[in-house]
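Read the structure below first, then the notes.
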Amino acid sequence: MTDTTRCPSAHPEDPTPCDGPAVVTVLDDHNAGADGCEHHAARLLASLERGRVYPLLDAPAGAAIRVFTAADSIRPFPWVDGPRTQPNQRSRAENRRQGVTE
């Protein structure tokens, strides 16, 4: 993908390019979803509560697991600057390290 054509999982304010074609679908807790490259899908999943990820039919092996694993250490809306002091502003991994449960 080029910088001008990004996957549906890429947030309009996220300046990062796609890392390849759409390989997974990310669903929110209402089953609304977006297909995405691994990079943007992980960033989207990290920004959702109770989100889920599923591989597309032609996805490389392990794509959904890689997205799920990456999302664990990504802060919600990572392109937004500022202090991250509240649990909903930190990654799930950061919250676990600090003893915060969901």
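For the sequence shown, counting from 1, position 34 maps to 34 in the numbering used here; every step adds exactly one. Here a beta-carbon is modelled for each residue, glycine too, at the ideal position from N, C-alpha and C. If you're wondering where the values come from, they're calculated on a predicted model, not measured in any experiment.
- Looking at G62, S73 and G20, the one whose alpha-carbon comes closest to that of L45 is S73.
- Note that the C-beta distance between S9 and A41 is below 8 Å.
- Contact annotation: the segment 80-96 does not touch the segment 59-68, with fewer than three C-beta pairs closer than 8 Å.
- Judged by DSSP secondary structure, R96 falls within the alpha helix (DSSP H) whose first and last residues are R92 to R97.
- Secondary structure note for A34: its beta strand (DSSP E) is the uninterrupted segment G33 to G36.
- C-alpha of C18 to C-alpha of H39: approximately 6 Å in a straight line.
- Straight through space, the alpha carbons of G99 and V24 are spaced by roughly 31 Å.
- Excluding residues up to 5 positions away in sequence, V23 and V24 lie with their Cβ nearer than 8 Å to the Cβ of A59 in the same chain.
- In the structure shown, R52 adopts extended strand secondary structure according to DSSP, grouped into three states.
- Taking C-beta separations shorter than 8 Å and ignoring five residues to either side along the sequence, the partners of R75 in its chain run A46, R84, Q89, R90, S91 and E94, following chain order.
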